[in-house]
Structure formats: C-alpha cells, structure tokens
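All remarks here apply to the structure that follows.
Chains as they are written, first to last, in the working numbering: chain X, 1 to 368; chain P, 369 to 844.
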C-alpha cells in the first residue's frame, strides 16, 4: 500500500529527528545495547502523543467484570482507560520499537560528535571494489569479444562436426561460438578492519566500570562498522594473564586477582603477527583499565611493547582509563610520559558515564 | 491502489446466504460490499481509521507501525474492518479461515444495520468514503502549496483540539431540520438549504480567496456555533479565529471528521454488542455446518471474554441485548433509540449487575493496588454512566470570547469528580492559544481546588481560582 508507506516513512523520519536530539542521552546509557541486530538497532520510542484534554489519574477507576470480593486486587490490573468506553484514549503510553540502520546511527553519531571519516592509512585505499575484466559470458559488445575463447569454441565445433580439414584449416565462428569478457568485481581485503577490545577484569573493575566499557565498545563498533565493510571484533580480557573470550563473557566475566597489562599487549601482538597482518588489516586495539598495573617493571614492558611492536603496526591504539574507587590511575600517567608525541596513541580518562561521548570523540576524532 | 479484491465465489455465496438470514431477522442495512485483503493492507486501512483514501499524516504511519508490530509478533490481529458509509464497506483478512469469514460477515451485517438505523448515526455523512477522498485531495494540494512541514504543524495543532466538539450538536440540528418541513420554508430558504448541504461555503472566508472555494462536507453544513456558551469549540474557531484560508480549510476537515467519528465513540458497547448478538444468532441458525460449531464457539468466546477483570465492550454489549430480549424489549427499537449511556441507564439493575459480576474498581492509595471497591449495583451504574457520558471525554465549554475585555477565550471544564490531566491540558491550551492568537484560559478543579490555567501560546501559567461551575463565573 503505497500511501501508508509514505506516512510510515514520515513517522520514522520524525523518530530519527528525536533520536538525533536525544543521542547524547543514548550515548551514556546502556539503553541501546542488546538491541543490535546484524544491520539495525531497534530503538524504543514512546509514541509521539498529541496533547488532548483527557482525564488524569485522580479518582481513576472504572467498572470491571469478574469474581472477587471487596478489597481483592483486580487480577491483571486493568489498564488505564479501559473503563468502559474510554478505551483508546491512552494509546500514547505504548512503546513502539523502531528500527534504525546501523549505518544511519553511525551517521548520527558522526554528526553529533563531529567525527571525521577515517583517512586512508599510508598509500592503501579503503575503497576496494575493483572492477576487472576477468569473467566470460556468451553475449556482449564486439569490443569485448574474447578472440581466443571464441576461436577455440569455433574450432571445437568444426572438429566435432567433422568439417575440419588440416589442408585447409579455415574456421568460421558463428554466433554460438562467441565469447565476451565480463567485468567482475573482486573485493580486496583493504577495507577490512579488526578491533581488539581489551579489558582489565581484575578485582577493582566494578560493574559500573564495565558498563562504561560496554557502552563505549558499542559506539566504537557502530562507528567503525560504518567505515569498514568487513569488521572483525576480538575480545580479550586480562588480569594477570590474558585470554581471548567471546562477546558475552567479555561483558560479564568477573575475575579477580592481580593485573599484568603486558600479558594483554603480548596477546594482541601475537594475534597481529599471526592472523591480522597489518598489510591486510586496519587494526584498532582499545584497552580499558582502571590504571593499576602489577609493577613498574611490567609497565615498562608495556611501554616497550607499544613503542616498538604494536604502535607501528596499528592504525591507532586507544587506552581508556575508567575511574574506579580502587584504581590509582597511574598507568595513564606512565604511558603519557613515556610515549609522549606518539601520534598513534590516544589515551583518555573517563570519570563517569557523562564522560563517554567525550572519550569516544577523543578516540575516533582523529580520523585514523 | 490494489483495492479491488473481490470475494472468492464460495464466500460470495455465503455472504448472500448470511445477508438473507440477517434480513429475515429484521436487520436492515445499506448494501454491504466485502473486500478481501492481506493482513498488512487491512492494517494500513485500519491506521487510516477505515479510509484508505484519507489525508496524509505521520500519525497514521505511526498507527500502522504499531499495528504491524502487533501482527508480526502475533500479539494482535484484526479480523475485520467496517465503515459507516452507503454502501457499507467491510474489509476481510485473507488469512482468516472460512468459518472466521462467515463469523465476520455476520458481524458486519450487525454493524451495518446499526450504522443505518441508530439515531446517533442519522446525521453522519453517508458518503464518507468520497468525502474522505476529497479531504485527502484538498490536504494534499495544501501540502503542495505550503509544504509538508508547515501543514503537519498546523494539522497536529487542530487534531490536538479535535475532542472539543459537542457530541449532541449534530443530532440536535438534524432533528431541528426534520421538524421544519420543507414546504413551510420559502423557495429561497429551501434552495439555500439544499445548496448548503451540498457546498457549505466556508463562513468568514473572504470571497475570491482560495479558502472561499466550495469546500466543506455536508456534515460541515452543520452550522458552526455563533453563540456562546458552546461546546463546539472547533466550530467557534472555524468561524471566528483569525486564520488564513488554507488553515481554515484544514480545521474544517478536522472538525468534520471529528463529528463523523463521534457517534462511534458514543455507541461502542451497543454497536459491538449488537453485532456480536447477531453474528451469534445468525451463525447458529443453520449457517454453520456441524463441523464448524466448536471452532465458532472458541472464536466467539475469545472475542467476548471478560479476561483479567476488565470490562469488554463486546461482552457487556451482548449481555445487555440478551438481557433486553429476555425482558421482552423490542430489540430493533432499542438499537434505534439509544446510545451507550442511555442504554445502560435503561437496562442495568441489581440483577444484571449480579449476573454479570460487575464491580467498581479503583486504586487503593495505601497498598498501591487496583482493587475491587464495590459491588453495589447503584455505584456500578453511576460509574458506568459517568464513564460513558459525553463520549467518555471531559466536558469543556467555551464561555467567553472577550474575557476581561481583552479578546481572550475562557473555557470551563464542567467537573464531574474527575480531574483533568493538567500537564496535557496545558499543552492542549497552548495549541488553542496559537489558533486563537490571543491568550486563552481554562478553569478547572484540581483535587477540589479551583485552578485557572492561562496560556499565551508559549508559557503556561497556573493560578488558584474560585471554583468554576454552577453558573457562577459564566459570561454575563
């Protein structure tokens, strides 16, 4: 039905407008998490209600039907407005879910935080839909005729028909023999990216800290997904040792014990060397911690790993330090001091949820 | 639009058979046209309030979104849609089983009879399908002239006020017109009445401007109120508010549709009860085969269940008609003469309330639960009548158009024990003030205390006031 589709898309436009207005709020709450599908996020919006004169809450009540004595609770408490005849007046309280494409959400995010598009790294091109004439088909323009294939077909047909005369090796192609070149697109792996979400799950990272990480990770994924066609996400948790986990455990795992950050960096490096080679991948490690490391020596080792091994291989390395009651916050200071001037390193401190948008901006704002 | 979806032959036969049975019982309706559509298309039509040709608005898109979500997740399902028109159109959902289609068709004949015969529907436009199409064309043209955004803003503003109408006005005028026989009028009067009914030139529009073009519906022939006090606030605004011609046109459309839908609001219980009563009677009079009865009973009891202690208009309605039949009423007369409130006033008594296990509920402030408060039938009846009177809407009357000599509007909420939702009332006033382009005031009660809301189109002020009502603060 043509008309309703127009009205529906108009409604969705209005919803998007609201979403844009409220994006800051979504940026610092976990409301949208867990609502993400493959290509879209379903966002709950209150139905947009036109104000009208109607009755309020006081003396609200009505007539019901069923068993029960005076003072008994009404089973399945009546919905408001379901007093006889009044139904339909309170539709505004329903919540509707509207799907928004990830692409679009990323665009809103980009606009809200004024994020630049990611610039090609080195001489690599991000757009890789290369069109080359590598295919063959049986129809096409003369200019694309593949002579060798056409001749071969004609020859084969001639021999099969018993008309082949070695003394007079004349082959005349007919329409059926003709073959033409065809453009075939072959995606190059250039536009692939990998994100490493690395999180400190030592005892001092509490629920709130993890929530912050979770929200950040969601938005970062959303943004990078809009920039790269092929995005892989690797989740790593560490305390004194690091391991790769799935998404679910990444967010829910609670370990305790000491913190050896170098363990995680070593793992990242290992993965880069084994699987995500910088020639083929755009690499984005994000590390979140509360800033407590096991020892100064380990921190030294981290600095060394970053400077000599990791930073040269990645697009950008982001360290986000989430404030916690127990963390000292020393690690960020150490990194900043030791690696001053390293362009590919971004560090940032996140005090609370309100700091999330700012942190996202500092991570993604360089367009790297 | 792909709307020509005629019934398959076997259902067409069934429709004829059911129509015959219905007529045999004395039901009397305009021709009924059944169309069979996919569930999605039925939802689209439902979102347009039954009229696929209606004007464009994002609100219909929102309703559609909601209906579609309900359908795709299997939460809700529309069986049928029927619209008050001559001929009466009914839309069936293709995926219904044959038994369900028969049930729905019998149900539709019940509604169709009710539309045609109930007194409150007499003044309604019977050519509403065309009328709505006209409204749609006009509003689409205005979109072209003024842009969708501008039109949306104004349309939303008007719609926000669309329950400021007088539910009794159309019938009163209808009876008035009937009382005055044509012959007694002068030739000019007669000609004008006919022309009015046809064209209804916009009042207050300057001749020669686009808005003065022949426009409104025959329902618009209903005279906008010229004297205060009035409940027909929309009519008053249509005539008196300083609007541009195109704005007046939008307001006229909104008002005419509001009056068209009002009787359905006032007779929901009766209308559904009547249709359910008859689908049950018709189908069990030999229309259904023995193999269909159990499925029918299942479906019927689902529609008329009083689940969770809630009042179901289908259930209450059908019980009222059954009770009336037992008591020897003439059912056809009842369905002609009543609306929900008067119908309940006529029939609900101690035995009815007891038999149907009716009760009054309310929120217990101490426990925060909704509880059964009372089973006394007088209380029940009073509460029902209160809920149903005035179409279930707050009664708000416009009493002054020159409040304190400043050209401001004064409205009074005729308080009946139920407070207004004040935040929404404030926002609604804002829209009213923007239409009137002068400040507006509303007197109401909040928890027994008089309250005056004032709005100049931007800010809303609330101040204590003497208790409105009992004619005290009315216009002198």
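Note that beta-carbon positions come from the ideal geometry of N, C-alpha and C, so glycine has one too.
Exposure of residue 15 of chain X, with buried meaning 16 or more beta-carbon neighbours within 10 Å: Position 15 of the first chain, counted from the start, is the residue given in the question as residue 15 of chain X. By the neighbour-count rule (16 or more Cβ atoms within 10 Å), residue 15 of chain X is buried.
Residue 21 of chain X at chain P interface by Cβ criterion, 8 Å: Against the first chain, residue 21 of chain X aligns to sequence position 21. Taking a beta-carbon distance threshold of 8 Å, residue 21 of chain X does not count as an interface residue toward chain P.
Distance between residue 378 of chain P and residue 386 of chain P (C-alpha atoms, nearest Å): Counted from its first residue, the second chain places residue 386 of chain P at position 18. Counted from its first residue, the second chain places residue 378 of chain P at position 10. Each residue's alpha carbon lies about 12 Å from the other.
Exposure of residue 159 of chain X, with buried meaning 16 or more beta-carbon neighbours within 10 Å: Reading the first chain from its first residue, position 159 is the one you call residue 159 of chain X. It is exposed - the Cβ of residue 159 of chain X has fewer than 16 other Cβ atoms within 10 Å.
CB contact check: residue 807 of chain P to chain X, cutoff 8 Å: Residue numbering aside, residue 807 of chain P sits at position 439 when the second chain is read from its first letter. Residue 807 of chain P does not count as touching chain X.
Where the beta strand (DSSP E) through residue 285 of chain X begins and ends: For the purposes of this step, residue 285 of chain X is taken as the residue at position 285 of the first chain. Start and end: 282 to 289.
Which of helix, strand or coil DSSP assigns to residue 86 of chain X: Against the first chain, residue 86 of chain X aligns to sequence position 86. In this prediction, residue 86 of chain X scores a pLDDT of 33, lower than 50, which makes its location untrustworthy; the coordinate-derived value is nonetheless stated afterwards. Three-state DSSP puts residue 86 of chain X in coil, outside helix and strand.
Buried versus exposed call for residue 202 of chain X [16 or more other C-beta atoms within 10 Å across all chains shown]: If you number the first chain from 1, residue 202 of chain X lands on position 202. A residue is called buried once 16 or more other Cβ atoms fall within 10 Å of its Cβ, and residue 202 of chain X is buried on that count.
CB contact below 8 Å: residue 73 of chain X versus chain P: On the first chain, position 73 is the one that residue 73 of chain X refers to. Chain P contact via Cβ: present.
Continuous beta strand (DSSP E) stretch holding residue 378 of chain X: start and end: This structure does not reach residue 378 of chain X, given that chain X is present from 1 up to 368, and the question cannot be answered.
Residue 742 of chain P versus residue 246 of chain X: straight-line alpha-carbon distance, rounded: Taking the first residue of the second chain as 1, we reach residue 742 of chain P at position 374. Taking the first residue of the first chain as 1, we reach residue 246 of chain X at position 246. Near 57 Å, if we compare the C-alpha coordinates of residue 246 of chain X and residue 742 of chain P.
Cutoff 7 Å; reference residue 357 of chain X; Cβ partners in own chain excluding five residues on either side: Position 357 of the first chain, counted from the start, is the residue given in the question as residue 357 of chain X. Taken in chain order, the residues that qualify are 24, 27, 28 and 113.
Residue 279 of chain X - DSSP class collapsed to helix/strand/coil: Here residue 279 of chain X refers to the residue found at position 279 of the first chain. Residue state, collapsed to three classes: coil.
Beta carbon proximity, residue 412 of chain P to chain X, threshold 8 Å: As a working mapping, residue 412 of chain P is identified with position 44 in the second chain. With 8 Å as the cut-off, residue 412 of chain P counts as an interface residue toward chain X.
Presumed contact (8 Å Cβ cut-off) between residue 413 of chain P and residue 459 of chain P, rounded CB distance: Stepping through the second chain from its first residue, residue 413 of chain P is reached at position 45. Stepping through the second chain from its first residue, residue 459 of chain P is reached at position 91. Between residue 459 of chain P and residue 413 of chain P the Cβ distance is about 6 Å, and since that is below 8 Å, they are a contact.
Option nearest residue 53 of chain X by Cα separation, candidates P:793, P:490, P:834 and P:382: Your numbering for residue 53 of chain X matches position 53 in the first chain. Residue 53 of chain X has its Cα closest to that of P:793, out of P:793, P:490, P:834 and P:382.
CB contact check: residue 748 of chain P to chain X, cutoff 8 Å: Within the second chain, numbered from 1, the residue matching residue 748 of chain P stands at position 380. Interface residue, yes.
Start-end ranges of the beta strand (DSSP E) lying completely within the stretch 714 to 773 of chain P, minimum 3 residues: 726 to 731, 738 to 742 and 764 to 771
Per-residue DSSP class, three states only, for residue 7 of chain X: Residue mapping note: residue 7 of chain X aligns to position 7 of the first chain, counting from 1. Residue state, collapsed to three classes: helix.
Whole-angstrom distance between residue 322 of chain X and residue 211 of chain X, CA atom to CA atom: Counting from 1 along the first chain, the entry for residue 211 of chain X is found at position 211. Counting from 1 along the first chain, the entry for residue 322 of chain X is found at position 322. Their backbone Cα atoms lie some 10 Å apart in a straight line.
Sub-8 Å separation of residue 758 of chain P and residue 717 of chain P beta-carbons: As a position in the second chain, residue 758 of chain P is number 390, starting the count at 1. As a position in the second chain, residue 717 of chain P is number 349, starting the count at 1. In this structure, residue 717 of chain P does not lie closer than 8 Å to residue 758 of chain P by Cβ.
Proximal residues of chain P, C-beta to C-beta of residue 151 of chain X below 8 Å: For the purposes of this step, residue 151 of chain X is identified with residue 151 of the first chain, where counting begins at 1. The contacting residues do not exist; residue 151 of chain X stays about 53 Å from chain P at best.
Through-space distance from residue 468 of chain P to residue 675 of chain P, alpha-carbon basis: Here residue 675 of chain P corresponds to residue number 307 of the second chain, with the count starting at 1. Here residue 468 of chain P corresponds to residue number 100 of the second chain, with the count starting at 1. Roughly 21 Å between the two C-alpha positions.
contact_flag[the stretch 346 to 354 of chain X, the stretch 94 to 103 of chain X] where n(CB pairs < 8 Å) is 3 or more: Output reads no: the stretch 94 to 103 of chain X does not touch the stretch 346 to 354 of chain X.
Three-state class that DSSP yields for residue 104 of chain X in the structure shown: If you number the first chain from 1, residue 104 of chain X lands on position 104. Helix.
Cutoff 8 Å: residue 528 of chain P Cβ touching any chain X Cβ: Along the second chain, read from residue 1 onward, the residue named residue 528 of chain P stands at position 160. Closer than 8 Å: yes.
At least three beta-carbon pairs within less than 8 Å, the stretch 663 to 681 of chain P to the stretch 468 to 488 of chain P: yes
Contacting residues, own chain, Cβ-Cβ under 6 Å from residue 501 of chain P (five flanking each side not counted): Mapped onto the second chain, residue 501 of chain P falls at position 133. Here the set comprises 421.
Chain-ordered residues of the stretch 42 to 58 of chain X with a beta carbon less than 9 Å from chain P: Cβ proximity to chain P below 9 Å picks out 47, 48, 49, 50, 51, 52, 53, 54, 55, 56, 57 and 58 from the stretch 42 to 58 of chain X.
Residue burial classification, residue 39 of chain X (beta-carbon count within 10 angstroms, cutoff 16): Within the first chain, residue 39 of chain X is the residue found at index 39, counting from 1. With fewer than 16 other Cβ atoms within 10 Å, it is exposed.
Proximal residues, the stretch 759 to 772 of chain P versus chain X, C-beta separation under 8 Å: 759, 760, 761, 762 and 764
8 Å Cβ cutoff, residue 743 of chain P in contact with chain X: For the purposes of this step, residue 743 of chain P is taken as residue 375 along the second chain, with counting starting at 1. It does: the Cβ of residue 743 of chain P has a partner Cβ on chain X nearer than 8 Å.
As assigned by DSSP and simplified to three states, the class of residue 826 of chain P: Locating residue 826 of chain P in the second chain gives position 458, where the first residue counts as 1. The answer is coil: DSSP assigns residue 826 of chain P none of H, G, I, E or B.
Cutoff 8 Å: residue 204 of chain X Cβ touching any chain P Cβ: Numbered from 1 along the first chain, position 204 holds the residue referred to as residue 204 of chain X. Judged by the 8 Å Cβ criterion, residue 204 of chain X is not in contact with chain P.
Top-ranked residue by Cα proximity to residue 605 of chain P, from P:597, P:619, P:613 and P:614: Mapped onto the second chain, residue 605 of chain P falls at position 237. When each option's Cα is compared against that of residue 605 of chain P, the closest is P:619.
Any C-beta of chain P under 8 Å from that of residue 8 of chain X: For this step, residue 8 of chain X is matched to residue 8 along the first chain. Yes, because at least one Cβ of chain P sits closer than 8 Å to the Cβ of residue 8 of chain X.
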